[in-house]
Structure formats: structure tokens, C-alpha cells
Amino acid sequence: MTQTGNNYVKYSDAFFITASSFSDTGLVTLDTYNTWNWFGQAVIAILIFIGGLGIFALKIFIINVIFMKRKTSMSDLQLVGHERAGRDDNSTKKIIRDSIGLLLIIFILFSIALSIYFYNVDPKEISSDSSITGKYISPKGDWGTSFRYGIFHCISALNNAGFDIIGENSLMPYYHNIGLQVMFLILFIIGGVGYPAIHDFLNWIRFKVKNGRRPYRWKLFTKISVSTYLIVTVIGFTLILGFELGKNNIDSFWHQTKYGGNGAYKIWALIFTTFSSRSAGFATIPMNNLSGGSIFILTALMFIGAAPASTGGGIRTTTFGILIISIFSKMIGHPSVRAFKRKVDDEIVKMSALVFIISIIIISIIAFISISSLQSYAGDVDDTKLGFLEIMFEASSAFGTTGLSTGVTKGLNVASKIAFAILMFIGQFGISSTILFWGNKRNYSYTYDYIAEDIAIG
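Add 76 to a position in the sequence shown, counting from 1, and you land on the number used in our numbering.
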């Protein structure tokens, strides 16, 4: 009913792709464009849409906006707060209303824009190199296919899912189509900044309309989230560019003429890849052609991921930002962690460190399970791709719900598929909402405690 019949679909593959769709990851064991028919692709798009916007967030939005009901249970508000609204319980409904409302408007506008673009542009007109494009289905001149492409890819990009129905090589057929890539870039940046930041931005617009030039006070969440996102991305791109320029292998991405001789297309491709690694997962170049240093940086970027309460995964930008700020605060002797003339609560700092450590442990365990099981029990992964860096790249892609791959995912065995599926869900919902959620519900309080004793550490 959902398959084209071109590929044999195992139950483990169906389970894995369902998990990847709902968690907005984009890692696949089978090509989406020729394995699933239009109905199967529609099911994947619906799973991406629900998983990205959030089940409870959609419930609140439908009840309060569509059916105009104002009453919402406290349990629903707490659930949606953990899912998408962040820690601001007082304005949960406003955050959900503003964010989903804006995302739906953007979805409609960009679906139309992408459909028109797909209808008018054929990759063959710009690039005829099949080693870049791979096998793909061009929608040019077909409004039905163009609208299907436009809607599906708008859902996928806005929700940072990384799924595509173009061909076997993601967006590589459109490697030279900068305009299309810019639209994708805008979509997954908007989806990755977080619902509270979107709400804050809309509040800024309302404030400026009413108060003109008076300064607006941005939320600390928005400042840390957006600044960390941009700083990490710029540093990541700079390092990746340096690694690629320094690699002398003629088979490397930078030294291959098919990707453009003047360097402009290559620089843009690295910019797009850097932004895409934050949780989007769309690729215009093969990851295997990048240097080991670039793969390591992309692994770190995927591990950090997007903002909390967004459509992305990872440890989240605020977690990483607070950790870096706390390190510098300790180094310069500040008694507390401060950012943008505000103090960050000590409990938040402790939780950030805990999330970081637990995330590394979980990814390492999943990587160990995958690499050991692939070497011992089935799996179709080439031994040259079974290095620790490649497996960590794939595991970070799953945890960051990114979807970028070096080719390992398509050869996973059953044990590895299950392990990666668990990792994708943990990355999507976050460590604090999964692993640490049950501990948060048990807040033990003591009237007395043991005597503290000093211990030497490294």
C-alpha cells in the first residue's frame, strides 16, 4: 500500500524509517524517492510534521486557536512545556500559539515558492555530472510532482528532518542551484531557533509597532540560544574551510573540478553543510569526500544541535552556551555564571553539565554497540567505513536528529537499527525530558545531610 515494489522492505527497515521520521532525523536504510509511493511518502511527511511541531503543542494549538477553547489542563501545559515551550510555564499557550501560527504561515508560503522553483528548474540545465547528481527524478514541467516536492521538502526542511524524495543523493542534483538551497537554509534555521525565540521575536515586532524606538528587552533564552547558534556555526565553518584547504588529496572535495573551479560554489557548499549539520541533514556534497578534520567538526556540530523547544535535537545550543560561559566565569574568578547582564541559576548550570556528560556516555555506548555488532553479526557496512570516527559521526547524526551520513546507516544490522532508533528519540525529546525526567519528578528533601569533606580532583 505504501511501497513502490522497487526495494524489499524488512520490518526492521520500516521500524527504523518510522522512528527516523517521527524524530525528524532523516537517516534512512532505504532511499525514500523510489522505495515508497506517494502514499508512503505522505505518511512520512505526516510523521515529520507531528514529530517536529510536537504532539502536545499541536493539541494545545488546535484546542485554543482552531476551536477557540481557552481552558487547558495543567497536565497538558506541563507536557507541552517540556516538549516545546521551554521553562516559561506562565506563557506556554502564547508561545505555542505564536510559534505554530508563524510556522504554518511560513510553511504555506515556502511550499508555494518551492513548488514554483521545482516546476521551472531542471538540474540538468546547470549540472550534467551524474557523479554529483546520482539517480533522481526531475519534477520540471510537472505541476503535480512539483507541488508534491514543494510540500514534502518544506515540511522536511522546516522541521529539520533531512528527508527528501528527489533522488539517492539528497540535494546533490541541485548542487549548483543556490536559490533553492537558500530557501532550504531559511527554513531549517527558523525551525531550529526554538519556539520561545520565535515568540520573543513576534513580541519584539508588537513592541516596536506600539513603542517605536524604545529598546526592547530580549529574553535571556533568545540571546544565549541565537548567539551560540551563530558563533558555533561561524567557528565550525572556519575550521572546516581550513581543513579542506589544507588537504592535498586530489580526490578530496576541494580539489575536484566537478564541484566548481573558482571556489565560490565550494565555499557555499561548505557553508550550507555547516548550517545543515546543526540538525537539518540535507547534503549537497558527499560526506566521504571531506577530510577527517571536517568530519570531526561536523560530528561536534551535530552533537550540539539546535535550540531547545525547537524542531531539532542534540544537547541544544543553550546547554553548550551555558557550559562555555560557566568555564570562562570560573577561569576569571566570577562567583556566579553571568550572561548578558543576567545571572544563570546554579541549578541550570549543573543540569547543563549533567546533560553534556550523559549525552557523551549514551552516544559512546550506542557507537560501541553498533561497531561491535556490525563487526560480528551481519550488516552490510564496508570495513573501510567502520572506523570509530565514522560510527561516532553516524551516532551524533542520530542524536542530533540531523540525518547526515557517511554511508554507514544503509548497512546497519537489526541491533544497530534499534540502538540508533533509541538514540534518535532521546535526541529529539532531549536528555532532560527523557533520561532525567523521572528524576525530576522525585525531588527528595532532607532536613539534615552528611558532613561535607574535601576531595582532590584533576
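All residues carry an ideal CB built from backbone N, CA and C; glycine is no exception. Note that the coordinates shown come from a computational prediction; the quantities given were computed from them, not determined experimentally.
Beta carbon of residue i nearer than 8 Å to that of residue j
i: Phe475; j: Ser435; result: yes
i: Phe416; j: Leu296; result: yes
i: Leu123; j: Thr105; result: no
i: Val269; j: Ser97; result: no
i: Gly226; j: Leu190; result: yes
i: Lys486; j: Phe92; result: no
i: Thr221; j: Asn245; result: no
i: Ile380; j: Val308; result: yes
i: Ala233; j: Gly102; result: no
i: Asn235; j: Val197; result: no
i: Ile502; j: Ile433; result: no
i: Gly127; j: Asp100; result: yes
i: Ser428; j: Arg414; result: no
i: Trp112; j: Ile120; result: yes
i: Ser328; j: Asn279; result: no
Extent of the continuous beta strand (DSSP E) to which residue i belongs
i: Lys419; result: 418–420
Reduced DSSP category for residue i - H, G, I as helix; E, B as strand; rest coil
i: Arg414; result: strand
i: Trp112; result: strand
i: Phe87; result: Per the sequence presented here, residue 87 reads as Tyr, with Phe not at that position. Looking at Tyr87 - three-state DSSP - the assignment turns out to be helix.
i: Tyr526; result: coil
i: Gly210; result: coil
i: Gly534; result: coil
i: Gly127; result: helix
i: Gly177; result: helix
i: Gly390; result: coil
i: Gly243; result: strand
Residues of its chain near residue i, where Cβ-Cβ distance is below 6 Å and the 5 sequence neighbours each way are ignored
i: Ala376; result: none
i: Ile373; result: Gly312, Leu315, Ile316
i: Met378; result: Ser353, Ser472, Ser473, Gly476, Thr478
i: Tyr250; result: Pro199, Leu256
i: Ile241; result: Thr108, Tyr109, Gln117, Phe228
i: Ile442; result: Ala471, Ala495, Leu499
i: Thr393; result: Ser301, Thr304, Tyr305, Ala383
i: Thr298; result: Ala273, Asp276
Terminal residues of the alpha helix (DSSP H) in which residue i lies
i: Glu470; result: 464–475
i: Thr221; result: 219–234
i: Val308; result: 296–322
i: Pro272; result: 271–287
i: Ala345; result: 340–352
i: Gly268; result: 254–268
i: Ile400; result: 393–407
i: Ser334; result: First, the amino acid is wrong: residue 334 is Lys here, not Ser. Element bounds for Lys334: n/a, residue is neither H nor E.
Own chain, CB closer than 8 Å to residue i, minus 5 neighbours either side, in chain order
i: Ile192; result: Ser222, Gly226
TODO: Count the C-beta pairs between the stretch 215–224 and the stretch 334–347 that are closer than 8 Å, then say yes if the count reaches three, no if not.
DONE: no
- [ ] Check whether the stretch 468–483 touches the stretch 342–362, taking contact to mean three or more Cβ pairs, one atom from each stretch, closer than 8 Å.
- [x] yes
Task: Stretch pair the stretch 269–283 + the stretch 355–368: three plus CB contacts closer than 8 Å - done: no
Open item on the list: Using a Cβ distance threshold of 8 Å, determine whether the stretch 271–291 contacts the stretch 396–404, with at least three qualifying pairs required.
Closed with: no
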